[in-house]
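Right, one structure below, let's go through it.
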Amino acid sequence: MATDKIVTQARQVDCDCLPRHIAIIMDGNGRWATKHGLPRTAGHKAGSQTFETIATHCRDLGLDYLTVYAFSTENWKRSEGEVSAIMGLLKRYLNKAIDTMEKENIRLHFFGDMTPISPELRALIDKAHTMSARRTGFQANVCLNYGGRDELVRGAKAFAQDCMNGKWKPEDLSEALLSSYLDSAQIPDPELVIRPSGELRLSNFLPWQSAYSEFYFSDILWPDFTAEHLEQAIVAYQQRDRRFGGVK
Ligand code: IPE
Ligand code: IPE
Ligand code: MG
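Numbering-wise, the working numbering puts 155 at position 141 of the sequence shown, and it's gapless, one number per residue.
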């Protein structure tokens, strides 16, 4: 469905050199709600609608992967009410998305440690994973109870276990082999990481995978983030000079 040029306010997205993979820290839901005199949970609801709009736009532009940060390993510090509202929104989204994804050949994956996630939500996640395995289209990855450090610890433990089982020797470990033990195994690193809401930090999001990503920060709160803002970020990315340590 990608067109050659997609018109933005100022410049155009060049669809011939799109990033394959964009990662987004969906931040600012709480502040958006406060600004509108609403409870924080209303911000998360609005944020989940933005996710649907942006995921559809990424797919329509012709990207291969979108990875979004939905709930971090640190977000359990929030009130029980806020945490259960976020989990409830995910359940509602999954119940709906499982059907739409089938029609549109979309793959949906979850990154993170699913151990503390409720059995009901885990069953939906497992269903989405099983159904996605049969497909080939655009892939959305949702980071849930995800922390980059936790991902590396889980990967290191799994590698150590495989060494004990005789599959590998410690000296076999390479960057590629360690990558294969991460949640993002088989997925190319994001070329572009976007963080709305004005915060200038990673907050434990994809530290391994973003080693050479381009970063784009915006003051827009996530519920206000539109397809045009996404295109502005892509245009900015397309003007960057990526050297990967070399000289041009
Ligand atoms: C991001 O929005 C969603 C989650 C972290 C779950 P926030 O809830 O962090 O919104 P702010 O940063 O408080 O505005
Ligand atoms: C990062 O946002 C996590 C998600 C967007 C899911 P936070 O709001 O939790 O990050 P900090 O606390 O501002 O670093
Ligand atoms: Mg936040």
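Quick reminder that beta carbons are idealized off the backbone N, C-alpha and C, glycines included.
Taking only the alpha-carbon atoms, compute the straight-line gap between residue i and residue j and give it to the nearest angstrom.
{"i": "Leu-77", "j": "Pro-33", "result": "7 Å"}
{"i": "Ser-217", "j": "Thr-150", "result": "31 Å"}
{"i": "Val-156", "j": "His-123", "result": "6 Å"}
{"i": "Gly-264", "j": "Tyr-195", "result": "This structure cannot speak to residue 264, because the chain is shown only from 15 to 262."}
{"i": "Asp-113", "j": "Phe-152", "result": "15 Å"}
{"i": "Glu-88", "j": "Gly-259", "result": "33 Å"}
{"i": "Lys-183", "j": "His-143", "result": "31 Å"}
{"i": "Leu-138", "j": "Ala-172", "result": "25 Å"}
{"i": "Asp-30", "j": "Phe-229", "result": "20 Å"}
{"i": "Pro-53", "j": "Asp-74", "result": "33 Å"}
{"i": "Glu-118", "j": "Pro-202", "result": "22 Å"}
{"i": "Glu-176", "j": "Lys-49", "result": "The sequence shown places Asp at residue 176, not Glu. Their Cα atoms are separated by approximately 50 Å."}
{"i": "Met-40", "j": "Tyr-251", "result": "18 Å"}
{"i": "Phe-219", "j": "Tyr-83", "result": "7 Å"}
{"i": "His-35", "j": "Glu-96", "result": "30 Å"}
{"i": "Lys-110", "j": "Leu-104", "result": "10 Å"}
{"i": "Lys-181", "j": "Leu-191", "result": "12 Å"}
Using a Cβ-Cβ cutoff of less than 7 Å, which residues in the same chain neighbour residue i once the five nearest sequence positions on both sides are dropped?
{"i": "Ala-136", "result": "Reading the sequence as shown, one finds Arg at residue 136 and not Ala. Closer than 7 Å at the Cβ level, and outside the excluded window around Arg-136, lie Met-128."}
{"i": "Leu-214", "result": "Phe-231"}
{"i": "Gly-57", "result": "Asn-43, Gly-44, Trp-46, Ala-47 and Pro-237"}
{"i": "Arg-168", "result": "Asp-127"}
{"i": "Leu-187", "result": "Phe-173"}
{"i": "Pro-199", "result": "The amino acid occupying residue 199 in the given sequence is Ala; Pro does not appear at that position. Around Ala-199: Ser-193."}
{"i": "His-71", "result": "Ala-241 and Leu-244"}
Could you pull the start and end residues of the alpha helix (DSSP H) that residue i belongs to?
{"i": "Thr-81", "result": "Counting along the chain, Thr-81 falls outside any alpha helix (DSSP H), though it belongs to the beta strand (DSSP E) covering 79-86."}
{"i": "Val-167", "result": "162-178"}
{"i": "Trp-63", "result": "Sequence check: residue 63 is Gln here, not Trp. Per DSSP, Gln-63 belongs to the alpha helix (DSSP H) from 54-75."}
{"i": "Asp-113", "result": "94-118"}
{"i": "Trp-182", "result": "Note, Trp-182: premise wrong, no alpha helix (DSSP H); not H, not E."}
{"i": "Asn-43", "result": "43-49"}
{"i": "Ser-193", "result": "189-193"}
Can you find the residues in the same chain that come closer than 6 Å, C-beta to C-beta, to residue i, ignoring five residues on each side of it along the sequence?
{"i": "Ser-227", "result": "Pro-204 and Val-207"}
{"i": "Leu-263", "result": "No answer is possible for residue 263: the residues shown for the chain start at 15 and end at 262."}
{"i": "Thr-55", "result": "Ala-99"}
{"i": "Ala-60", "result": "Pro-237"}
Identify the continuous beta strand (DSSP E) that holds residue i and give its terminal residues.
{"i": "His-35", "result": "35-39"}
{"i": "Gln-26", "result": "26-28"}
Whose C-beta lies closer than 8 Å to the C-beta of residue i among residues of the same chain, with five residues either side of it excluded?
{"i": "Glu-66", "result": "Tyr-107"}
{"i": "Thr-22", "result": "Residue placement at Thr-22 cannot be trusted, given a pLDDT of 45 that sits under 50; what the coordinates show is reported in the next sentence. Excluding sequence neighbours, Thr-22 sits near Glu-242, Glu-245, Gln-246 and Val-249."}
* Can you check the region 201-248 for any beta strand (DSSP E) of at least 3 residues that lies completely inside it and give the ranges in chain order? => The region 201-248 contains these whole beta strand (DSSP E) runs: 206-209 and 228-231.
* To do: Can you list the residues near ligand 1, meaning Cβ strictly closer than 6 Å to any non-hydrogen atom, in the order they appear in the chain?
  => Those satisfying the condition are, in chain order, Met-40, Asp-41, Gly-42, Asn-43, Gly-44, Arg-45, Phe-85, Asn-89, Ile-100 and Ser-211.
* **Unbroken stretches of the beta strand (DSSP E), 3 residues or longer, contained in the region 121-155** => Taking 3 residues as the shortest admissible run, the region 121-155 contains the following complete beta strand (DSSP E) segments, listed from N- to C-terminal end: 121-125.
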